[in-house]
Structure formats: structure tokens, C-alpha cells
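Heads up: the sequence lines are chains A and B, in that order.
Mapping to numbering that gives the first Met the number 0: the first sequence position 39 is 38, numbers consecutive.
Mapping to numbering that gives the first Met the number 0: the second sequence position 262 is 261, numbers consecutive.
Built from N, CA and C at the ideal position, the CB exists for glycine as well.
Inspection log for the structure reproduced underneath, given as C-alpha cells.
2 protein chains.
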Amino acid sequence: MADQTSATDTANKFIQEADQPSSKLVRFGADEPLELDAGPALAPWQIAYETYGTLNQDKTNAVLVCHALTGDQYVASTNPLTGKPGWWSRMVGPGRPVDTDRYFVICTNVLGGCLGTTGPATTNTETKEPYGLKMPVVTIRDMVRAQARLVDRFGIDTLFAVVGGSMGGMQVLQWAASYPERVFAAIPIASGARHSSQNIAFHEVGRQAIMADPNWSGGDYIAKGIRPTKGLSVARMAAHITYMSDESLQQKFGRNLQDRDGLTFGFDADFQIESYLRHQGMTFVDRFDANSYLYVTRAMDYFDLAAEFGTLPKAFKDSKTRFCIMSFTSDWLFPTSESRAVVKALNASAANVSFVEIDSDRGHDAFLLDVPEMFSTIRGFITGAANARGIPAPGSGT
Amino acid sequence: MADQTSATDTANKFIQEADQPSSKLVRFGADEPLELDAGPALAPWQIAYETYGTLNQDKTNAVLVCHALTGDQYVASTNPLTGKPGWWSRMVGPGRPVDTDRYFVICTNVLGGCLGTTGPATTNTETKEPYGLKMPVVTIRDMVRAQARLVDRFGIDTLFAVVGGSMGGMQVLQWAASYPERVFAAIPIASGARHSSQNIAFHEVGRQAIMADPNWSGGDYIAKGIRPTKGLSVARMAAHITYMSDESLQQKFGRNLQDRDGLTFGFDADFQIESYLRHQGMTFVDRFDANSYLYVTRAMDYFDLAAEFGTLPKAFKDSKTRFCIMSFTSDWLFPTSESRAVVKALNASAANVSFVEIDSDRGHDAFLLDVPEMFSTIRGFITGAANARGIPAPGSGT
Chain A
0 MADQTSATDT ANKFIQEADQ PSSKLVRFGA DEPLELDAGP ALAPWQIAYE TYGTLNQDKT
60 NAVLVCHALT GDQYVASTNP LTGKPGWWSR MVGPGRPVDT DRYFVICTNV LGGCLGTTGP
120 ATTNTETKEP YGLKMPVVTI RDMVRAQARL VDRFGIDTLF AVVGGSMGGM QVLQWAASYP
180 ERVFAAIPIA SGARHSSQNI AFHEVGRQAI MADPNWSGGD YIAKGIRPTK GLSVARMAAH
240 ITYMSDESLQ QKFGRNLQDR DGLTFGFDAD FQIESYLRHQ GMTFVDRFDA NSYLYVTRAM
300 DYFDLAAEFG TLPKAFKDSK TRFCIMSFTS DWLFPTSESR AVVKALNASA ANVSFVEIDS
360 DRGHDAFLLD VPEMFSTIRG FITGAANARG IPAPGSGT
Chain B
0 MADQTSATDT ANKFIQEADQ PSSKLVRFGA DEPLELDAGP ALAPWQIAYE TYGTLNQDKT
60 NAVLVCHALT GDQYVASTNP LTGKPGWWSR MVGPGRPVDT DRYFVICTNV LGGCLGTTGP
120 ATTNTETKEP YGLKMPVVTI RDMVRAQARL VDRFGIDTLF AVVGGSMGGM QVLQWAASYP
180 ERVFAAIPIA SGARHSSQNI AFHEVGRQAI MADPNWSGGD YIAKGIRPTK GLSVARMAAH
240 ITYMSDESLQ QKFGRNLQDR DGLTFGFDAD FQIESYLRHQ GMTFVDRFDA NSYLYVTRAM
300 DYFDLAAEFG TLPKAFKDSK TRFCIMSFTS DWLFPTSESR AVVKALNASA ANVSFVEIDS
360 DRGHDAFLLD VPEMFSTIRG FITGAANARG IPAPGSGT
């Protein structure tokens, strides 16, 4: 019973954050539909976001930070569901590489997410029930369309920079391709211009794990006050392995046992890596919605800029945007080859691009961790771009 | 109802193959217990196996082939559950590298398996119910102990060769370490002397997927006439990705769609890789028992020869066995570094070892596929060893 109550509480918390988020929010009415790749436009709809720093008078200093699969708008402030500090506080803040003393930072919850932007947990105003699978499937381009509408509301013509890692990097590339004139600088990290076959395969395992959970109930679990926590937990465990390198798992956990007395000859978590993964799965379900997981993974799977534009170079034709592209040596989910394909396409388009492959043993998750070379690269690139854009340095008195 | 009936039929088939397999069988009585690492000995117990070729008078030409995680004893003959040809027919047979005109080949179902050797699906003679989780957890060493008891029954002192890939390779290394005087030649392929942290992590995901399926029923599903097919299917899907390389998935499936009309904007299998994985999951449950999957993955996780012997070189101290070790360039589940660690230990023990890293883009599964360099390497090594052992060549008239 305790479990059931707590599951219901969490479900209620989700419904609340989905409809009435703790963060800032813009609602678009029935007369302001959002165009979607799937066909029918979405209306009404809403976008939740956080901002940091101050927009200057010319509105030239806005940086859009795009979050990854299970990220959120709380890039540099406390997440209301977890109580944890912002997921990229090392990158964004006063004096940080994305310096909120100089730039005005916007971070939105993605379309399809579960923290205030319209997604499957949002109440459908027609039925008064959560959308569930009645929410149209969304794409990375749709996410970016929604962000552009928010940027319009701010009256910002051109974003100084768009920055993000993993799925955030996909949004960066989509911004640069869809709205080249609105992006001065683009920083896609640990990302690529498409989801590979292996990437899709791992996402499909996660979706099947969720949909195999009887509590999933065809996507209608929220209305029933239950949640497919077991399935979502397995999905997260599988995904989490792909975020780390073989080397970092071996260094961090190796074959270390939980219990000094040795193997238990059972199916409890004997190895530290097992209890770590179980913990990752169990805590994840308290901060993420299972249907959102289906939608956002699907958006990543569908992402393929070359298919959208015919060829990848065409996606960046005549682009004036300055690109800074980064990959990590031990990232096997978005290996350097995926970044290189983007660099090659940009070179073919004679675009302004710098590319750095950073030596790190931390795997895909490196972009979220304390990797000094990443910070110094971004600081250098973004400062140079800001100077070119004429954004005053903090304390310069201008 | 049709699904339920077919699930019951399959369950009945499993119970039948587990207790009364289609293959050869040796039963060990209550007075012939099998020692286990977990502590209490197992009795009665049974081992199912197939043989190919003829044992010579001196009993010097026996080759033990050890199967991988979901393999079976039908290395070169039809599997009675699937109707498919032997899983290593390319390797074992008349004129094949493991030439059944020259060698007597034995292949057993592993302890903990589900095709006739004692495992969780076997009827516990005390309770008249399938063991389920009452089966003691077994180790690779236990599997090898069981095989050694069968080899004893044949009156074979020394196996001419022990051969296997992946978990089969673990058994090969365990044979060489536990019974050095009983192994003339050892051929571990795409394997290692331990399961890595990442390997354990993927297995744990599979086990959690099975145990999250309500039909699993704490392991007592067979007695209830149900099966955790959804959980087992997810486990197989996750594992299957690890058997292939990123490159081979990209080549074979890429981002190819099922439907020429394009994306469906839904959660059906849009991409060929998705329907391929779903198919892998669905067909797997018809030939494998979920509890066996728990037991056999656990045995692999527990495998760590260095821990057993103190150091890896000590595992092969004074070994007279000839080793031929093979890895594949694109195998990320058992990367070449794992094989090299074994080679290094064997060198430190001044053992007789040859090592080949084979260039292949097929990932871990390469050992089961048509990889000519693997066949020619094994043919060359095994022929040389057979000549040294004095095993007459076929047609030599001796």
C-alpha cells in the first residue's frame, strides 16, 4: 500500500508539473497553433522555460541552451522534482563559460517533455485527461519550432548562440539548419546529424521495456493513478550503460562486490555496478514520465538532417553561423565519426567551423561532467564570438 | 486464448526437453552428487549431450565443444525446438575445421541450461515441481565439473581439444585451469578470463527485464502454465545489440524504414532495425527458458579466473596445454584487450600460445558466422595439434 500511495503521489506531482510547472511558462491559445511534422497542428499548447542573466537592450546576447533526452529547463537552478542543482551548473552561471553576467540564457523544457511544455502528461483541454498516446508524435524540428515561438515572444531576432549536448546538440543543428539567419553561433556537443541504427536499437529496447509493463496500460496509466515504474526503470538502466564508457565502468566499479563476504549465489545485486544501475533506474522514475520517454526517444530516432534536406551539406547551405563542434574519444553512443560527418558537411558548405575531439574516458556523459578542455574550448569560442557580435564583456562599463 | 494455449504448449515442450531431452542423456543418481561452488552438492542430476564422429580406441581424439549463453548441445545437428540446423555446422562436421571424420566431438547442454542438463526448468525429484529459483546458482566451474563427469563416463582421460566462443570460451579457459592435464589443446574464441563491469551491467538489465514481468511469478511460472515472454524478449533484444557492431548494424539496417511511404509518427516498428530486434526477441522466447537465462547470465558474471587463482598467470601455471586464442576487431562485448590479458598471463606462465586478432566488422557474433580467417586459423592449429597428438588423419589408413 505504501508503494501504491507513493506512486500516486508521484503521479500527481507529474500531472501538476506537466500542467502548472514551477518554472516560467508561456501558453499559446487555440488561435496560436504549433505546426508539427506529424501533420495536425497542436493547439492550445504551452512551453515552460527558465532564464538566467539579463537580456540587453539590443537583444543580441541571448543564448539558448537545449537539453538532452531526460534533461529539463533547470540548466542552472534547482529541479523542483529532485531538489538537485541545475544539470549544467558547471557550464552556465556567473563567470562560467556560458557567463550569465554577459549573456541572457534561455532553457526550455522540450516539446514532448514532462516538466511543463506540452507532452503526453499534459492535460488535453478537450478530454480533461492527460494526452497519453493521443499526443502527436513530435520531432526535433517540432521542438525547435516551439522554441522559436518562445524566442519570438521575447522579441529576439537572432540568438547569439545555441548550445547543447546529445539530443541538445541535435536541436542546435536543427536550429542552424531551419533558421540559419537566427543563429549567430552554434555549439553542438557529443551529438550528430542523425540517430544511428545502434542508437535506434537501444531506444527501441527502452520503449519495449516500458510498453511491456502491464501498468503502462496502453499509455493511459496517469488517469488510472498507476505508473509503469518497472518498465521505465529497465529502460533507464539499459540507456545508462550507453552513456558511460567500458573503461569508466571498469574504473568506477570493476568487479567490486557490494558485500565483503563475497558472492551470494543469488540474484540480488552482488556487484556494485548492479546496485548502481538499479539505483539509476529507481530514482529516474521519480523524475520522468514513461510516455515522455517514448516521445522524446522517438524524436531522436526520427532525426536525420541529411534526409530532411536531401544531403547534409544542403542543410547548411550558405550558412553564416559560426560552429564549434565537440566530441569525446570514449563516447560510443555518438562517436567522433558522427561529429566529423557534420564537420565535413559544413566544410563542403564553406561554413565557419571549428572542431575539437576531446580526450576523455568518461563516455557520452562527458559533456555533463567536469571536463576542463570542454569548458576552456567553449569559453574561448563563445568569447570570441561575443566580441565579434559586439556583446560587452561584464564589467567593461559599456 | 490462442496466445495462452501456445504459451502453455511451449511451456510443456520446455518441461519435456528439460527432463527428457531429445538428445543423449546421462543421469547421475542420488549417490553421485555434483559438487557446486554455491555449497550444497546437486543430486540427482543429469547431463544432456550430442556426439559426432567416432571415439578412437586410444580415446585420444575427443573434442569438447562448449556452447555460448543461449546455445545448446546441437552444435552440428537439428535443434528439436527450432528445427534449425546446428549452430556451428560451419565449424563442426565431416571435412570441417573440427573434422568429425578425424575427431570425436562431444557437445553438452550447460548446467543451468534448459535442454536436458539439470537447470531451473528441470523437475525437482523431491517436490515434483520444476526447480525454479530453488536450483542452486551455478558457475562456469560447475558447468565444467559436470562436463568432466560426462568425459569420465566415456573413459576419456585427456580431451584432445576444448573449443568454444564467448561463454564457451570461458568454459575452455576454465577447463585449462581446472584440469590442465586433461586438455591437450584449448581454443577460446571471442572470450576472456572474466566478465567486465559493462558485461555484468548488460546482463543485469536483462535479468531485471525478466523479473519485472509479472508472469515471472518469482520464478514459479512453469508450474502455473505461464511464461514471462515479454520480459525475456526485452532481455534478448538488449543482449542482441551487444552481439553486433555499430558498423554492422549500420550496414545491415542503417536508418532503413519498414514502409516505403515514410515515417508513421507512431510507436510501431518504423525502422527495420526495430522489427529485426522485435523478431529476435519474439523467436527467442520459443527456444529458451527465462529462469535459465537468469542462471546462465549469472554464471558468466561470476566468472573471474584471476580471482579464483589469485592472479591470472597462476591459473595457467606449468600448463602443457597448447592454446589458440582468437578475438575480432569489432567485438566490443569481449574486446581484444580481454583476449590479450589471457595471452599475457599465458606468456607469463611460459605456456604454448598462439593469438590471432581477426579483422571483422561483424562484432561479437563473428565467431558464429562465416569468417574464413577463423576457420583457416582453427583448421591449421587443430591439424598441427592432432599430428602432434598422433591422431591419424582421415583416409590415412592408419
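In DSSP terms, what residue i is bridged to
i         : result
B/Ser-326 : B/Glu-356
A/Trp-44  : A/Phe-27
A/Gly-163 : A/Cys-65, A/Pro-187
B/Tyr-51  : B/Val-104
A/Asn-351 : A/Arg-321
B/Pro-129 : B/Thr-122
A/Leu-35  : A/Gly-38
A/Val-182 : A/Leu-158
Three-way DSSP call (helix, strand, coil) for residue i in this model
i         : result
B/Phe-252 : coil
A/Asp-57  : coil
B/Asn-108 : coil
A/Asp-151 : helix
B/Phe-380 : helix
A/Phe-429 : Residue numbering for chain A in the displayed model covers 0 to 397; residue 429 of chain A lies beyond these limits and cannot be assessed.
A/Phe-201 : helix
A/Val-295 : helix
A/Asp-300 : helix
B/Gly-92  : strand
A/Gly-85  : coil
A/Leu-158 : strand
B/Asp-369 : coil
B/Asp-98  : strand
B/Met-0   : Here the model assigns B/Met-0 a pLDDT of 37, short of 50, so the residue's position is not dependable and the matter cannot be decided.
B/Phe-266 : coil
B/Ala-17  : helix
A/Arg-144 : helix
A/Ala-193 : According to the sequence provided, residue 193 of chain A is Arg. The question's Ala does not apply to it. In this structure, A/Arg-193 counts as strand in the three-state DSSP scheme.
A/Asn-78  : coil
Neighbourhood of residue i by C-beta distance below 8 Å, restricted to the same chain and skipping five residues each side
i         : result
B/Phe-283 : Thr-69, Leu-231, Ser-232, Arg-235
A/Arg-361 : Met-243, Ser-244, Ser-247, Phe-327, Ser-329, Leu-368, Val-370
B/Pro-179 : Phe-315, Asp-317, Ser-318, Lys-319, Thr-320
B/Gly-389 : Thr-59
Alpha-carbon spacing of residue i relative to residue j, whole angstroms
i         : j         : result
A/Ala-350 : A/Phe-322 : 8 Å
A/Thr-335 : B/Arg-286 : 39 Å
A/Pro-187 : A/Val-171 : 6 Å
B/Ala-200 : B/Ala-238 : 11 Å
A/Asp-36  : A/Trp-215 : 26 Å
B/Ser-274 : B/Phe-264 : 16 Å
B/Thr-99  : B/Arg-152 : 20 Å
A/Phe-374 : A/Trp-86  : 15 Å
B/Asn-290 : B/Val-137 : 12 Å
B/Ser-21  : B/Tyr-48  : 10 Å
A/Lys-313 : B/Leu-110 : 58 Å
A/Met-0   : A/Asp-8   : Bear in mind that a pLDDT of 37 at A/Met-0, under 50, signals an unreliable position, so the number given afterwards is only what the model happens to contain. The alpha-carbon atoms of A/Met-0 and A/Asp-8 are separated by roughly 12 Å.
B/Asp-212 : B/Arg-226 : 9 Å
A/Lys-133 : B/Lys-343 : 58 Å
A/Leu-399 : A/Val-341 : Given that chain A is displayed from residue 0 to residue 397, the structure contains no residue 399 of chain A and the question cannot be resolved.
B/Ser-88  : A/Leu-293 : 41 Å
Short Cβ contact (8 Å threshold) for residue i with residue j
i         : j         : result
B/Leu-262 : B/Asp-269 : yes
A/Ile-46  : A/Thr-107 : yes
A/Ala-67  : A/Gly-167 : yes
A/Asp-288 : A/Cys-113 : yes
A/Arg-193 : A/Leu-33  : no
A/Val-91  : A/Val-74  : yes
A/Gly-28  : A/Pro-39  : no
A/Phe-103 : A/Gly-154 : no
B/Leu-175 : B/Ala-160 : At residue 175 of chain B the sequence reads Ala, which differs from the Leu that was named. Result no, Cβ atoms of B/Ala-175 and B/Ala-160 do not sit closer than 8 Å.
A/Pro-135 : A/Ile-221 : no
A/Met-281 : A/Ala-189 : no
Neighbourhood of residue i by C-beta, 6 Å cutoff - its chain only, sequence neighbours within 5 removed
i         : result
A/Phe-380 : Cys-323
B/Ala-118 : The sequence shown places Gly at residue 118 of chain B, rather than the Ala named in the question. These residues qualify, in order along the chain: Gly-111, Gly-112, Ser-291.
Same chain, Cβ closer than 7 Å to residue i, neighbours up to 5 away in sequence not counted
i         : result
A/Gln-3   : With a pLDDT of only 49 at A/Gln-3, under the threshold of 50, the placement of this residue in the model should not be trusted, and no figure is reported.
B/Ser-177 : Arg-140, Val-143
Item to check | Residues of the region 218 to 230 of chain B whose Cβ lies closer than 7 Å to any Cβ of chain C, in chain order | outcome: The structure shown contains no chain C; its protein chains are A and B.
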